[in-house]
Structures are given as C-alpha cells and as structure tokens.
Amino acid sequence: MAMLEVRDIDLAYGPIRAVTGVSIRVEQGEVVAIVGANGAGKSTLLKSIAGLLPLSGGSIHFEDADISTLPAHRRVGAGIALSPEGRQVFPDQTVRDNLELGAWSRRLNVGDLAAAVEQKYTLFPRLRERQGQMAMTLSGGEQQMLAIARALMGAPRLLLLDEPSLGLAPLVIRDIFLTIRKLRAAGMTVLLVEQMANLALGIADRAYVLETGRVTLSGTGAELLQHPQVRAAYLGH
Amino acid sequence: MLATWLQALVSGLAIGGVYALIALSFSITFTTTKTLNFSQGEFIGVGAFLGVAVLYLLSGQDEGAALAPGASAGFNYPLAAIAVGAAVGVIGILLFITAVRPFAGKPGMSWVMSTIGFGIILQSIGLAIWGPAPVNLPSPFGDDVIRIAGAGVRPQEILVLVVAIVLMIGLDLLLRRTRMGKAMRAVANNPSVAALMGINVSAVMIGAFALSSALAGIGGLLVAPIASASIFMGLGIALKAFSGAIVGGLDNPRGCIFGGFALGLLEASVALWQAQWREIVIFLLIILVLAIRPQGLFGARTLDKV
Numbered sequence: 001m002a003m004l005e006v007r008d009i010d011l012a013y014g015p016i017r018a019v020t021g022v023s024i025r026v027e028q029g030e031v032v033a034i035v036g037a038n039g040a041g042k043s044t045l046l047k048s049i050a051g052l053l054p055l056s057g058g059s060i061h062f063e064d065a066d067i068s069t070l071p072a073h074r075r076v077g078a079g080i081a082l083s084p085e086g087r088q089v090f091p092d093q094t095v096r097d098n099l100e101l102g103a104w105s106r107r108l109n110v111g112d113l114a115a116a117v118e119q120k121y122t123l124f125p126r127l128r129e130r131q132g133q134m135a136m137t138l139s140g141g142e143q144q145m146l147a148i149a150r151a152l153m154g155a156p157r158l159l160l161l162d163e164p165s166l167g168l169a170p171l172v173i174r175d176i177f178l179t180i181r182k183l184r185a186a187g188m189t190v191l192l193v194e195q196m197a198n199l200a201l202g203i204a205d206r207a208y209v210l211e212t213g214r215v216t217l218s219g220t221g222a223e224l225l226q227h228p229q230v231r232a233a234y235l236g237h
Numbered sequence: 001m002l003a004t005w006l007q008a009l010v011s012g013l014a015i016g017g018v019y020a021l022i023a024l025s026f027s028i029t030f031t032t033t034k035t036l037n038f039s040q041g042e043f044i045g046v047g048a049f050l051g052v053a054v055l056y057l058l059s060g061q062d063e064g065a066a067l068a069p070g071a072s073a074g075f076n077y078p079l080a081a082i083a084v085g086a087a088v089g090v091i092g093i094l095l096f097i098t099a100v101r102p103f104a105g106k107p108g109m110s111w112v113m114s115t116i117g118f119g120i121i122l123q124s125i126g127l128a129i130w131g132p133a134p135v136n137l138p139s140p141f142g143d144d145v146i147r148i149a150g151a152g153v154r155p156q157e158i159l160v161l162v163v164a165i166v167l168m169i170g171l172d173l174l175l176r177r178t179r180m181g182k183a184m185r186a187v188a189n190n191p192s193v194a195a196l197m198g199i200n201v202s203a204v205m206i207g208a209f210a211l212s213s214a215l216a217g218i219g220g221l222l223v224a225p226i227a228s229a230s231i232f233m234g235l236g237i238a239l240k241a242f243s244g245a246i247v248g249g250l251d252n253p254r255g256c257i258f259g260g261f262a263l264g265l266l267e268a269s270v271a272l273w274q275a276q277w278r279e280i281v282i283f284l285l286i287i288l289v290l291a292i293r294p295q296g297l298f299g300a301r302t303l304d305k306v
C-alpha cells in the first residue's frame, strides 16, 4: 500500500466546493507534484492532508492508518509536516525559536533539540547566520528556507510543500529546488504543490494536474512535461 | 508636600500594579484567542470572596463574626492566593468552554454578550452566597500605617505592588523564554500554523483563559484588604485595567503593564489635586491618546476589523 492515499475526497469552504472526488497516492521515497492554475484547489488539498480542513467526503490514509479525522496538531507526530503557502513563519520570534517550535510534537530534550536545529543549519547555512534575528526581518527566500526547515524539524516521513517558489527570484527558486533534490536523495518523500509547472514536473517522479477541483491528468513528471494539454495550459507552448 | 506626593506615588503604584495585572490578563486572552473576558470584573469580586472563604476555613473562624486581624497571617494569605488562583482559573475554563469557544473565530461579536452574561450569572450566584455587603479582609501584614519620610503607607499597598511586579516578571519570562510561552505566542500569531507545529491550539487557549482568570482572582484578593471585599468591587478595577490595556496596546503585554501603571499613577496624582475630577481627567486622557494612536501607545496595529 502507498505511503499516502487520498481516496475520493471532497473539500469545501462553507457552501463553496473547492475539491471534488480527488484521489492521489504517494509512494515512499517519491517526489509527487500537483500542478494547476491558481484556484484549482491545490493548496486546499494539501491543507486537508495536513488536517487544517475537514473532509466533506472520502478518506485519507497514511502508512495504513485512516487519518481522515485526526486533528492537525497530531498529524505532525504521525509523520506529516506541511510548509504552508506564503511561508507563514512566526514573524515576532527568532529563526531559532521558529525552528524549535517545529519540533514541538517531538518533545525533545535540550541536547537533541539543539542537534536537530544544527542539522537544519547544515542544510540551510543561511539560517545559521540569521538564527538570532526575528523571522520578519528575513528575505522572502530565507523565510521559505525557514518554513521548510521548520517543517523538517517535526522529523516527518512525508513533507508537504505548498508553493515554495511563490514570489521568489529565479536564483532563489533554483536554490529551493536544489534543496528538494537533496531531501529526496536523503530519502524524504515529498508532495509538492507548485504553480510553476515546468519546475515541479522537472523534479517530480509523478504528478497530477488539478483543474477546478478535479484531477484531469496524471502521469510521470516527464510524461506530463511532454503532454500537449499541459504544455498548452501551463508551460506556455 | 513631599510626604503627600510620596503617599500618592505609593498608592498610585499599588493600584497601578493591580490595573497592570488585570490589563495583562486581558492581553493574554486577546492575543491567544482574539477575544476578551468582559466579566473579568466579576472574577475579581468572586476572587476576593473566595479568598475570604478560604481564610475563614484556614483560620478556623466562625462565619458569623468578621475575620480577625490575624486571619491572613503566616501562610494563610499565600495559601488563599493559590486556592483562589486555582478556583478562579477553573471558572475561567468554564467561561471559555461555555461562553467563548462556541463563538470565537466566527463573524459577529456574540462572545462580548456571552462573556458579559457569564459575569452577570457569576455575580448573581455570588450575591446569593455572600450577599451584597462589603466584607473586611485583613492584610497579612496588618493594617497599621507605616511612616516613610512622613508619608503614611499601608503595608498591603507595598505587598500589592511587590506581588504584582513578581507575577508580571514571571509571566514575561514565561512568554519570552519558555517553550510553553513561545508556543502561546505562536498560537497568538497564527493558530493554524501553530497546529501544524503539533501545538494543541485548544489546550493553549484553555490555558490562556485559566491563567487570565487566575490573575483576576488573585488581583481581587490583593485589592480586598485596601478596598474591602465586595461582589461589585471588580467592575471599576476591570474598566480601568481595560483602559490601561487599550492605552498601552492590547496586543502588547508590556504595553498593557505600562498602561496599567500609568493609569494608577495618574489617578493618584489627580486625586491629590481634586478627587472628584479623577475619573474625568483619566477618561479624557484615554480618549485623547486613542484619538492620536488608535492602536494604543505600544500596539503593533489597529484591532481586527470585527
């Protein structure tokens, strides 16, 4: 069975349907991308996997357990961490405090917590330089690194990344995607939501195309990159 | 002249300490849940009476007679403070569950009415149990006035100031230095992202209401020996404390503390000049400050567009 199985879920904001009958799966060790236009329901889908949005229908299974009704704060401990859209670092707390909060569910002692933080600094040396600064003083790229590092502090087995390229300069985006490759090489399973379809499909083992709340295409990243419909709609060819 | 000013300074600092403590208690629930307990005043009165009840119990006195001057001596008063903090904290949890959680985060301001209603219920229960008459609560250090440079200072005033400062420093350290405090600030900043960290947001909110209410209860126990315990005593204090919080900036705990002290000192110094002008001057100044800085002196931003 797949690591993550989303089965036929419906999601809604009040009376407004956002996602209808979506099924996706993520195998251990894969990088899976969800691409689609703004408002297609990509972020909504990730939020529901992280537990921030209740299901109106269907179910979500993670490592053989039904987590459909597990509250958000217990999903980190179960092994799923989300780096949210728009970074959403805690602005009035330091870089280090942000990272430490990411490990809240693990109840680490001081030594193990410091070691976990140190490990993230190795991955993002920039964060070490900024560790005493308030998160709001960081650049957009640094905040994105912090958001990913903070999610990793929860020691997830499945990392959910929501629009990591949003509002960043091309060079910074390249850095972020290099990091995702590094994480994959280290064995991390990643579910990536991204508007920049070429980048996402370039890195993904498999991908789903979401349109107005429904999966319209799926396949390997390479297949979708060549797919005429994808090329026309998302790659500008 | 100097003696009168010194006396005003000490009473201003003492009552300001209480305002600051209660202002901080408003800030704690506001930052974590974006709601306020508008029955904080009743919590103060109930805290004072619970304190009286505990002191009767501890001193083994009969309920018929007034509390003896020695009833607060020794460990009795600190024990009463702990008991009041715990009991009013539990009432705060009850308030959160019944009057805040059903409405928090939803459009409208139902929680304003529901917390006021909770306070009225609480006050009526208090009246039924203890009656409307004020009760004397002796200070643990006696009621003899101490002379400092000619100024007459009541020991309870010093105690109130010291306890308020110790509690506030403790809370400031809790919020800034401990993992729990950082988690509370994370919830205050962004509850859903805090949940992504694995923080149990509801538990933190319940904790915030318990803490805020406990502070109100202890505030009541601190003021009672100065003003005598009454079920109505809290309203004026809570209103001034709330003003202090608004002036200092409701979303800034340190601003709230400043606002509380500023109000206490202002009150005491205006009273030196003309006691009946006290409230007029204070509230005119509050309106003036808010006209110039709507977010309060140290507030980060204007209040939510509720």
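One line per chain: the protein sequences are A and B, in this order. Positions 1 to 237 (UniProt numbering) are the ones given, in order, by the first sequence. Positions 1 to 306 (UniProt numbering) are the ones given, in order, by the second sequence. The C-beta atom is built at its ideal place from N, Cα and C for all residues, glycine as well.
Taking 7 Å as the CB-CB cut-off, is residue i touching chain A?
i	result
LYS182(B)	yes
MET205(B)	no
ASN189(B)	yes
SER27(B)	no
ALA208(B)	no
LEU196(B)	yes
LYS305(B)	In this predicted model, LYS305(B) has a pLDDT of only 36, less than 50, meaning its place in the structure is not dependable enough to derive any value.
THR302(B)	Confidence is the limiting factor: at THR302(B) the pLDDT is only 46, short of 50, which leaves the residue's position unreliable, though a coordinate-based value still follows. Taking Cβ atoms only, chain A never reaches closer than 7 Å to THR302(B), which makes this a no.
ASN200(B)	yes
SER72(B)	no
PHE213(B)	Note that residue 213(B) is Ser in the sequence shown here, rather than Phe. SER213(B) does not count as touching chain A.
VAL193(B)	yes
residue 309(B)	This structure cannot settle anything about residue 309(B), because the visible part of chain B is limited to 1 through 306.
Using 7 Å as the threshold, is the C-beta distance between residue i and residue j below it?
i	j	result
ASP162(A)	GLU85(A)	yes
VAL84(B)	GLY249(B)	no
ILE231(B)	GLN123(B)	yes
ALA238(B)	GLY45(B)	no
VAL31(A)	ALA200(A)	no
HIS73(A)	ASN189(B)	no
ALA268(B)	GLY17(B)	no
ALA229(B)	VAL163(B)	no
THR115(B)	SER39(B)	yes
LEU53(A)	LEU82(A)	no
LEU191(A)	LEU160(A)	yes
ALA73(B)	LEU55(B)	no
residue 307(B)	VAL88(B)	Because chain B is modelled from 1 through 306, residue 307(B) falls outside the range shown and cannot be assessed.
GLY51(A)	ARG75(A)	yes
ALA245(B)	PHE26(B)	yes
MET233(B)	ALA241(B)	no
PRO164(A)	GLN133(A)	no
residue 331(B)	ILE15(B)	This structure does not reach residue 331(B), given that chain B is present from 1 up to 306, and the question cannot be answered.
ARG157(A)	GLY219(A)	no
MET153(A)	ALA116(A)	yes
Output yes if chain B places a C-beta closer than 7 Å to the C-beta of residue i; else output no.
i	result
VAL76(A)	yes
GLY102(A)	yes
GLN88(A)	yes
ASP112(A)	no
SER48(A)	no
SER23(A)	no
SER105(A)	yes
LEU82(A)	yes
Going by other Cβ atoms of all chains shown within 10 Å of its Cβ, with 16 needed for buried, is residue i buried or exposed?
i	result
VAL110(A)	exposed
ARG96(A)	buried
ASP251(B)	buried
VAL145(B)	exposed
ARG177(B)	exposed
GLY255(B)	buried
LEU229(A)	Strictly speaking, residue 229(A) in this sequence is Gln, with Leu absent from that position. Looking at its Cβ environment, which holds fewer than 16 other Cβ atoms inside 10 Å, GLN229(A) is exposed.
ARG181(A)	exposed
ARG87(A)	buried
VAL306(B)	Its pLDDT being 34, under 50, VAL306(B) is placed unreliably by the model, and nothing is read from it.
SER139(A)	exposed
Taking residue i and residue j to be in contact with their CB atoms under 8 Å, please state how far apart those CB atoms are, rounded to whole angstroms.
i	j	result
ALA68(B)	GLN61(B)	6 Å
VAL26(A)	MET3(A)	6 Å
ILE24(A)	TYR234(A)	With a Cβ gap of about 18 Å, ILE24(A) and TYR234(A) do not count as contacting.
GLY260(B)	TYR19(B)	4 Å
Is residue i near the ligand SAM, in the sense that its beta carbon is under 6 Å from a heavy atom of that ligand?
i	result
PRO102(B)	In the structure shown, the ligand SAM is absent, as is every other ligand, since no ligand is present at all.
Proximal residues, the stretch 145-179 of chain A versus chain B, C-beta separation under 7 Å: Sequence-ordered contacts of the stretch 145-179 of chain A with chain B read GLY154 [C-beta pairs closer than 7 Å].
Please identify, using Cβ separations under 8 Å, the residues of the stretch 53-73 of chain A that lie next to chain B, in order along the chain. PRO71, ALA72 and HIS73
Residues, ordered as in the chain, of the stretch 257-285 of chain B that lie near chain A by beta-carbon distance below 8 Å: none
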